[in-house]
Amino acid sequence: MTDAVFRETAAEHRTQSLPLSHLSLEVGHLYMEDFEAGPERLREHFTLVRPWVDAVRAAAPAGSGKRPRISTCFLVDDYFSRFSTPAELVPMLLAEAERCGLTIDYLARESACAVADGVQLAESVEHRLVESPPPGSDGSRPPVKEIGWLANGERTPGVERLEAMANDLPSWRPPTETAARRHSVFMDVELWDDREQRRTWSCPFLAAVWQLARLGLLRHNGEAVLVPRPAPEGSFPRDWDDLAPLTRLNPAAQPFAAYRTCSVLPSRFLPVEHAVRVILGQVEVDPRALHQVAERSGREGVPVPEAVADRVAHVFYAGG
Amino acid sequence: MRVPGDPAAAVLLCGEIRTCLLQTGRSLPASAARDLLRLRAGERVRVSERPNLHVVSPDLLTGVDCRLPTGTGARIRAVGTVTARAVLTEGRVLQATARFGCPGGGPDTRRPWGSYLVRPGVVEPLGRLPVRAVADGVLADVRRPGELDLGAVAERLLGEVQRHPLLDQRVPFKSRRTRLRWAALRAPDGEGPSLGRFTLAEDGLRTVELRLPEGTDPAACASLCEDLALHDWLLTTLVRLVERSRLGSADGHEAVMALRPAVDHLLHLWMPRARVDTTLAPLWEVLEREPGFTRQWGTLVQRIRDQLALQAIPLLREALTAR
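So, in structure tokens, the structure goes:
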């Protein structure tokens, strides 16, 4: 309809496109207790991460023989606990990374995955959850909403249902993974809790939002979200709330969002990242954003895997 | 724009539309209509104000894994997503549409869910799709338990919108909701779109069978069917209002009072093809020739206006003699 004489922009679909790298490489995802342990803990982390970062860079496909565009990022938790100030922590972080030969291009605050620049990112991703239907779902049952949990299969029936069925069924039925290969690995992920009238998003849910942002698949009313801002001139602020949701630390950095992501994390993150995969497998992202990424990656000769969860890779290194 | 996930390769497009009066005393202006249909945070509600006010909600998906309805009773399991949206015309008539497209075949086992989610509105059969049998099954007035229930998806969405706190739940007149189901098969190569059948059943169910060229946008097909359903509902509702007014037999003043809601809320809504894709507009012409939707509407409107004019004459005379 775009060649029509008369157009109304409010009546059209609109999805802003984003600059994209080949790979978004996460070199750390640390909590306040990690910072509390001092620069030694950071040094130890970056020392362990460095060889994997080199390996991931070497393996990154660029298509047509060119150098791949890779941007690195680091996520600081300011959502679940707060410690120190950006003015003290960020220079220490950058110094320790540099000492190990690593460049951090972008720094994100975990709270930005919940709300960034006034946009409720986590909520909009929650509205896009489309649960994997267990066999027999014919559209007549309403989707399970408002319970704050998401599973990769069918749960064990609740107590009331078991009582109703008590006459003709055994008293317990195991949960089942929907796409199980014979045996189930069932996972049920808590997405949020509501306490004292305040919703707190879970770490895996925010991590899923983080992955979608890095994959360039989040929009708000069609507009880009979590747009990086340059690092402040002079020192970093004394309050986390005054730090941009996403800061570009390296002015020469490649674009933040990328066709694929890779995160190098300590192995204790394995359950969280499994949960992230369960969530990513049940999010319907903006189809036009999806199309932009598929079309451009295809044109560059590095087509992305079809399913969003398959665009995400991890390296887990031993240790805490 | 064609986006991935559009079932460009679909050999069958099916849908069901429920059309009804919005549960509110006064029709909603554009800004309120936008708030009403903001069904998902962070996603645009599309608002068009020319040639009439037409507001479209974001698409919502429902995951399904069940049997497709078939005319033959064959058991065809299919997995994917049904897409649903709500549409409000002139802040007065609400429609909920649930639809899906089916490719000619799929793998024999269910794939990971993420692969279905990147094709919104596609339900993929396990194995080969018996196109004719499924089209017949979708259009049939009976549904076997366990078969894909498009009506339930549309009805749930309609209920959700109608319960919105913006609505005062006071309707200006009684009306019935209608259901329209469609099945669009692929037209033979080189042929344009055509309308096979349009059937009105007594219980408010309408069925439409179409043939569309390969690559027709499923959303354009849904818009055409929404336009058909809207005008069929308008006609059905106006016919019933005129019937109930006992025009021609009752006391003239009573008939006028009974017809007043039609003048206030319905007469300005008739605008066939307002947003139908130009390639699909010829399908409307068929219905204009036989049975002649606009002809019937025009006759009814003329009858109402004549009656109002007749009632105005004594009033005019009173006014003149009172001078």
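Sequence order for the protein chains is A and B.
All residue numbers in the first sequence are consecutive under my numbering, ending with 357.
All residue numbers in the second sequence are consecutive under my numbering, ending with 358.
Think of the CB as a built atom: it goes at the ideal place given N, C-alpha and C, for glycine as much as any other residue.
All values derive from a computational prediction rather than experimental measurement.
Report yes or no: is there a C-beta of chain B within less than 8 Å of the C-beta of residue i?
i: G190(A); result: no
i: P172(A); result: yes
i: S334(A); result: no
i: E160(A); result: yes
i: A344(A); result: yes
i: H311(A); result: no
i: G253(A); result: no
i: N287(A); result: no
i: S61(A); result: no
i: G57(A); result: Correcting the residue identity first, residue 57(A) is Leu in this sequence and not Gly. By this cut-off, L57(A) is not an interface position.
i: G259(A); result: yes
i: H220(A); result: no
Taking only beta-carbon atoms, is residue i less than 8 Å away from chain A?
i: V38(B); result: With a pLDDT of only 43 at V38(B), under the threshold of 50, the placement of this residue in the model should not be trusted; the figure read from the coordinates follows. Chain A contact via Cβ: present.
i: S150(B); result: yes
i: P42(B); result: Here P42(B) scores only 45 on pLDDT, less than 50, and its place in the model is too uncertain to base an answer on.
i: L48(B); result: no
i: S31(B); result: Missing from the structure shown is residue 31(B); chain B here goes from 36 to 358 and no further.
i: A45(B); result: no
i: R53(B); result: no
i: I348(B); result: no
i: T116(B); result: yes
i: V188(B); result: yes
i: L355(B); result: no
i: L71(B); result: no
i: L96(B); result: yes
i: R279(B); result: no
i: L343(B); result: no
Which bits of chain A does residue i rub up against, with CB to CB less than 7 Å?
i: C137(B); result: Result: empty, since nearest Cβ-Cβ is about 14 Å, beyond 7 Å.
i: V311(B); result: In chain order: nothing, as chain A lies at least about 11 Å away.
i: P147(B); result: A216, G318 and A344
To the nearest whole angstrom, what separates the beta carbons of residue i and residue j, a pair I think is in contact under 8 Å?
i: R338(B); j: L282(B); result: 7 Å
i: L343(B); j: V277(B); result: Between V277(B) and L343(B) the Cβ distance is about 13 Å, and since that is not below 8 Å, they are no contact.
i: P180(A); j: E168(A); result: 6 Å
i: R214(B); j: G239(B); result: 6 Å
i: C260(B); j: I52(B); result: 6 Å
i: H300(B); j: R145(B); result: With a Cβ gap of about 47 Å, H300(B) and R145(B) do not count as contacting.
i: R348(A); j: V341(A); result: 5 Å
i: E227(A); j: W186(A); result: 6 Å
i: P138(B); j: A222(B); result: P138(B) to A222(B), Cβ: 17 Å. No contact.
i: R81(B); j: A48(A); result: 5 Å
Find the nearest neighbour of residue i within the set the options, judged by alpha-carbon distance.
i: T272(B); options: A257(B), L315(B), G250(B) and L304(B); result: L304(B)
i: V42(A); options: E325(B), R232(B), T313(B) and A293(B); result: T313(B)
i: E321(A); options: P180(B), T59(B) and Y151(B); result: Y151(B)
i: H266(B); options: G333(B), G250(B) and P180(B); result: G333(B)
i: P248(B); options: R232(B), G227(B) and F233(B); result: G227(B)
i: A297(B); options: L202(B), L315(B), D252(B) and K209(B); result: K209(B)
i: A295(A); options: R51(A), F83(A), C110(A) and E310(A); result: C110(A)
i: S161(A); options: V64(A), A268(A), R336(A) and L254(A); result: L254(A)
i: S54(A); options: E337(A), V264(A), F306(A) and A290(A); result: V264(A)
i: P170(A); options: S334(A), Q319(A) and G356(A); result: Q319(A)
i: L322(B); options: T234(B), G287(B) and A309(B); result: T234(B)
i: V114(B); options: E81(A), S148(A), A216(A) and D114(A); result: A216(A)
i: H304(A); options: E337(A), P105(A) and G65(A); result: Checking the sequence, you will find Ser at residue 304(A) rather than His. The candidate whose alpha carbon is nearest that of S304(A) is G65(A).
i: T105(B); options: L164(B), L269(B) and R246(B); result: L164(B)
i: M69(A); options: W89(A), S58(A) and P123(A); result: P123(A)
Would you mind telling me which residues of chain A sit closer than 8 Å to residue i, beta carbon to beta carbon, in chain order?
i: S83(B); result: E45, A47 and A48
i: P155(B); result: E321 and P324
i: R191(B); result: P179
Give the interface partners of residue i over in chain B, defined as CB-CB distance under 7 Å, in chain order.
i: D175(A); result: V99, C101, G181, E182, L183 and D184
i: H66(A); result: In chain order: nothing, as chain B lies at least about 23 Å away.
What residues from chain B crowd round residue i, counting only those whose CB sits closer than 8 Å?
i: L187(A); result: Per Cβ cutoff of 8 Å: no residues; L187(A) is ~11 Å from chain B at best.
i: Q157(A); result: A76 and G77
i: V167(A); result: L96, T97, G98, T116 and L152
For residue i, return the contacting residues in chain A, with the cut-off set at a CB-CB distance below 9 Å.
i: L315(B); result: None at all; the shortest Cβ gap to chain A is about 12 Å.
Residues of chain B with CB closer than 9 Å to the CB of residue i, please, in chain order.
i: R51(A); result: R79
(Q) Quick check: the segment 115-122 of chain B against the segment 88-100 of chain B, are at least 3 beta-carbon pairs closer than 8 Å? (A) yes
Q. So, do the segment 148-158 of chain A and the segment 274-289 of chain A have three or more beta carbon pairs nearer to each other than 8 Å?
A. yes
Q) On the three-pair Cβ rule with 8 Å, is the segment 152-163 of chain B touching the segment 137-144 of chain A? A) no
Q) Pairing CB atoms from the segment 88-106 of chain A with CB atoms from the segment 295-308 of chain A, are three or more of them under 8 Å? A) yes
Q: Examine the Cβ distances between the segment 121-139 of chain B and the segment 188-207 of chain B and report whether three or more of them are shorter than 8 Å.
A: yes
**Q.** Validate contact between the segment 232-247 of chain A and the segment 49-68 of chain B using beta carbons, cut 8 Å, 3 pairs
**A.** no
Q: Tell me, please, whether the segment 71-80 of chain A touches the segment 101-110 of chain B by the rule of three or more beta-carbon pairs shorter than 8 Å.
A: no
Q: Count the C-beta pairs between the segment 227-238 of chain A and the segment 122-136 of chain A that are closer than 8 Å, then say yes if the count reaches three, no if not.
A: no
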